[in-house]
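Everything below concerns the one structure shown next.
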Amino acid sequence: MAATKTLAHVNVPAAQTWNYLRINDISFEVPVPTTKGEVLARLPRLFDAVETGVGAEAASWIVSASGDSRYVEVKAGTHRAEPIVIDIDAATGDVRDTGVLVREGAEATVVVAAHGHADEPSTSASLLRIVAERDAVVHLVEIVALGKGAQHLEGVGIDAADGALIEVRQYALGGDKVAVGICTNLAGRSARLVHDMRYIASGSEQLDVNHLARQRGRNTRSEIVTSGILADSAKKTMRETIDLIHGAKGATGNEIETVLVTGDNIVNKTLPTILCDEDDVAGNHGASIGSVSPEQLGYLADRGISTTEAEALFARAIFDDAVIHAPEAISRAAALSRAEEVLGSEIARDVAEGLGLVTDGEDA
Amino acid sequence: MPDTLLSIQGLSAGTEDTPILHNINLSVDAGQTHVLMGPNGAGKSTLGHVIMGDPTFQVTSGSITFDGNDITELSPDKRSLAGIFLSYQAPVEVPGVPLYSFLRTICQMRPELKTTARKFRQRVADICKQLEMDDSFLTRELNVGFSGGEKKKIEMLQLLLLRPKLAILDETDSGLDVDALAIVSRGIEAYRQECDGALLIITHNTRILERLDVDRTHVMVRGNLVGAGDAALIDEIDANGFGRFEAALAAKGGAN
């Protein structure tokens, strides 16, 4: 059996709370990297300064365990049509370390797709660091769609210069134990973050999330919207921090979380934090935790949908949304494969057919 | 199929502590268009919601029969599947659910509408075109961030997709500009022509009725049905208001 080590402090939030709440971090048992000798950072040094949401300890392990690093540069003023895809297969325990530099005024789409099963318990991971220069536009789509036996660590760090726009669509669709941590550093004036996360956790799955928006630049904007479903005896921890740093005059940050609880034994922990060291800023947090509202259930019932069916609809909707927004084949296949496991093959096929991704039976 | 599609007999209903509807008797035949008018607060919308089975209201006496079956105790989802459709005055926002997922789900659960995804997509595209709706609406969340007019178009889209036997339109025309009203009116007309469904239209605005042949008009005042007539009654109410109906109810001592 391969030697393992413990990462004791993964997904550490920007500000700690009471330890007894057990929300300050999560620990992971991971394989000891097999690389012999000294491991050098292979990415250009500017990426060393990029803070990732997963935490320094986990980031260091991912760099060591990856065995290789990938650097992509998008030239200034260009629009890269082909997405930059980071493909992670749990079956082979893939670990990826990637750096993306989006030059001034350029636009690029980055996709992280983690998928697959593991017959034996496996660990996969990805560390993605993005530097977005002035007026760059970055679309990041993350799909974590793992099956049984898979634990996964996913760290993202983004530095955004003046006027840069960062759009994140993050889908956590499955995996025995998954930690996703994303830190966006809105360093430049008027840099913006639009972050939309959807998740579903069922069975005994454990999902751990760390969202951190550091707003350093004047008039920066962050919008972080998270919604998801917890079923059966799933466990979820969510840390959401907006850090309004001294000097960020005119900055605004909003975070909102909606959780739909359908299981009797779920564990749902949330740590929303707004840190403020500047007067002329605005930060808001909203949360709605529970079941679907009576008004929504009433509307759905009037269209023939019972309460049980409504919960199934919400689950399907997450996969529909993931497939709609997956910009290329690997991430779409990952979401559809997971949909088949969670929703059943008939509905998964319907999702695919409905979006025109496969031809329905009649055309076959 | 019986000629009488909807039959309401001696129906009284209200909230836990407030009676709203009093001894309502109303019949709608298959394929007919009925209009329900009345001053604000008369209980018109409540009647629509009680027919749909809204648990907010309790039926204290009487019965509702639909398509030959007593549905008084039936849950709203069962009533919907039986063929009743209630178009909301203020459609509810359902974040997290793309419109496409919702439409596909409500159609697939009806055996008569179940079809392949390709045919479904085509059907939705045809109706969207008819209602001058952008296809991109389908990937947006159900009723979230749409204008009032767009929400009403989404209600019409559902109406034309589901092809119910009875559609109750609860002030579908409220808050619509002239152009949106014309489109929604065309949607209602299409429903009548393509589905031959019955309509119970709750409205204050007779413009929505211009494209329709009204079979019967009912007047509700303070939870009582106090008058009925043919389409000519609409013009009379337009000209004279509800005064004579309110006076008649007061004279009978029926006000509550």
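Going line by line, the protein sequences match chains G and Z.
Using our numbering, the first residue of the first sequence is number 7, and each one after it goes up by one.
Using our numbering, the first residue of the second sequence is number 531, and each one after it goes up by one.
Ideal Cβ positions, reconstructed from N, Cα and C, are used throughout, including at glycine.
Partner residues on chain Z for residue i, Cβ-Cβ distance less than 8 Å
i: G/Glu359; result: Thr646, Ala647 and Arg648
i: G/Gln22; result: Simply none; closest approach about 31 Å.
i: G/Asp356; result: Arg634, Gln638 and Ala647
Partners in chain G for residue i, counting only beta-carbon separations shorter than 7 Å
i: Z/Ile636; result: Arg309, Gly310 and Ile311
i: Z/Gln660; result: Those do not exist, as Z/Gln660 stays about 20 Å from chain G at its closest Cβ, beyond 7 Å.
i: Z/Thr669; result: Ile330
i: Z/Leu566; result: In chain order: nothing, as chain G lies at least about 18 Å away.
i: Z/Asp607; result: Ala307, Gly310, Ile311 and Ser312
i: Z/Met582; result: Asp308
Opposing strand residues paired with residue i [DSSP bridges]
i: G/Tyr205; result: G/Ala178 and G/Gly234
i: G/Ala120; result: G/Ile94 and G/Val150
i: G/Phe34; result: G/Leu13
i: G/Thr104; result: G/Arg76 and G/Leu134
i: G/Glu110; result: Answer is none; G/Glu110 lacks a bridge partner.
i: G/Leu277; result: G/Arg245
i: G/Glu352; result: BP columns for G/Glu352 are empty, so no partner.
i: G/Gly163; result: G/Arg135 and G/Cys189
Partner residues on chain G for residue i, Cβ-Cβ distance less than 9 Å
i: Z/Phe632; result: Leu306, Arg309, Ile311, Leu319 and Ala323
i: Z/Pro618; result: Sequence check: residue 618 of chain Z is Tyr here, not Pro. The answer, in chain order, is Tyr305 and Asp308.
i: Z/Pro549; result: None at all; the shortest Cβ gap to chain G is about 21 Å.
i: Z/Met686; result: What Z/Met686 touches in chain G: nothing, since even the nearest Cβ is about 14 Å away.
Assigned secondary structure, residue i (DSSP; H/G/I helix, E/B strand, else coil)
i: Z/Asn770; result: helix
i: G/Val1; result: Given a span of 7 to 370 for chain G in the structure shown, any question on residue 1 of chain G remains unanswerable.
i: Z/Phe596; result: strand
i: Z/His579; result: helix
i: G/Gly360; result: helix
i: Z/Glu719; result: helix
i: Z/Ile657; result: helix
i: Z/Lys681; result: helix
i: Z/Ile614; result: strand
i: G/Glu139; result: coil
i: Z/Ser515; result: Past the edges of chain Z, shown from 531 to 786, lies residue 515 of chain Z, and the structure says nothing about it.
i: Z/Asp547; result: coil
i: Z/Glu662; result: coil
i: Z/Gly783; result: coil
i: Z/His734; result: coil
Nearest-angstrom Cβ-Cβ length linking residue i and residue j, presumed shorter than 8 Å
i: Z/Thr563; j: Z/Leu742; result: 5 Å
i: G/Ala156; j: G/Glu139; result: So it is not a contact: roughly 35 Å between Cβ atoms.
i: Z/Asp703; j: Z/Asn673; result: Actually they are not in contact, since the Cβ atoms of Z/Asp703 and Z/Asn673 sit about 18 Å apart, beyond 8 Å.
i: Z/Lys574; j: Z/Ile732; result: 5 Å
i: Z/His748; j: Z/Ala761; result: At roughly 12 Å, the Cβ-Cβ gap does not stay under 8 Å, so Z/His748 and Z/Ala761 are not in contact.
i: G/Gly234; j: G/Asn216; result: That belief does not hold up - the Cβ atoms of G/Gly234 and G/Asn216 are roughly 15 Å apart, past 8 Å.
i: G/Asp202; j: G/Val184; result: With 8 Å as the limit, G/Asp202 and G/Val184 do not qualify as a contact, their Cβ atoms being about 18 Å apart.
Contact list for residue i against chain Z, beta-carbon separation under 9 Å
i: G/Ser233; result: Pro625 and Gly626
i: G/Gly350; result: Per Cβ cutoff of 9 Å: no residues; G/Gly350 is ~13 Å from chain Z at best.
i: G/Gly362; result: Ala647, Arg648 and Arg651
i: G/Thr264; result: Pro625 and Gly626
i: G/Ile272; result: Going along chain Z, no residue has its Cβ under 9 Å from G/Ile272, so there is no contact; the nearest lies around 17 Å.
i: G/Ile230; result: Within 9 Å Cβ-Cβ: nothing; G/Ile230 doesn't reach chain Z, min ~15 Å.
i: G/Asp214; result: By Cβ distance, chain Z contributes nothing, its closest Cβ being about 21 Å from G/Asp214, past 9 Å.
Cut-off 7 Å between Cβ atoms - residues of its own chain near residue i, not counting five sequence neighbours on either side
i: G/Thr276; result: Met244, Glu263 and Ala293
i: G/Leu361; result: Val329 and Ile330
i: G/Glu211; result: Gly180, Gly181, Asp182 and Ala240
i: G/His15; result: Asp31, Gly61 and Glu63
i: Z/Ile713; result: Leu661, Glu662 and Lys683
Own chain, CB closer than 6 Å to residue i, minus 5 neighbours either side, in chain order
i: G/Gln22; result: Asn30
i: G/Arg427; result: Nothing in the structure corresponds to residue 427 of chain G, since chain G is present only between 7 and 370.
i: Z/Ala785; result: Its pLDDT being 49, under 50, Z/Ala785 is placed unreliably by the model, and the measurement read from it follows with that caveat. For Z/Ala785, where only same-chain residues beyond five positions count, the Cβ hits under 6 Å are Arg752 and Leu779.
i: G/Thr279; result: Ala21 and Thr247
i: Z/Asp547; result: none
Spatial neighbours of residue i in its chain, beta-carbon cut-off 8 Å, leaving aside the 5 residues before and after
i: G/Pro333; result: Pro89, Thr115, Val117, His145 and Val147
i: G/Leu252; result: According to the sequence as given, residue 252 of chain G is His; it is not Leu. Hits under 8 Å: Asp283 and Glu284.
i: G/Val287; result: Gln221, Leu250, Ala254, Lys255, Gly256, Ala257, Thr258 and Gly259
i: G/Arg224; result: Arg195, Ser196, Gly253, Ala254, Lys255, Gly256 and Ala257
Within chain Z, the residues that residue i reaches when beta carbons sit closer than 7 Å
i: G/Gln302; result: Val622 and Val624
i: G/Thr327; result: Checking the sequence, you will find Asp at residue 327 of chain G rather than Thr. Here the neighbours are Pro628.
Cβ-heavy atom distance, residue i to the ligand FMN, below 7 Å
i: G/Asp165; result: The model depicted lacks the ligand FMN and carries no ligand whatsoever.
Contact list for residue i against chain G, beta-carbon separation under 8 Å
i: Z/Leu611; result: Gly310
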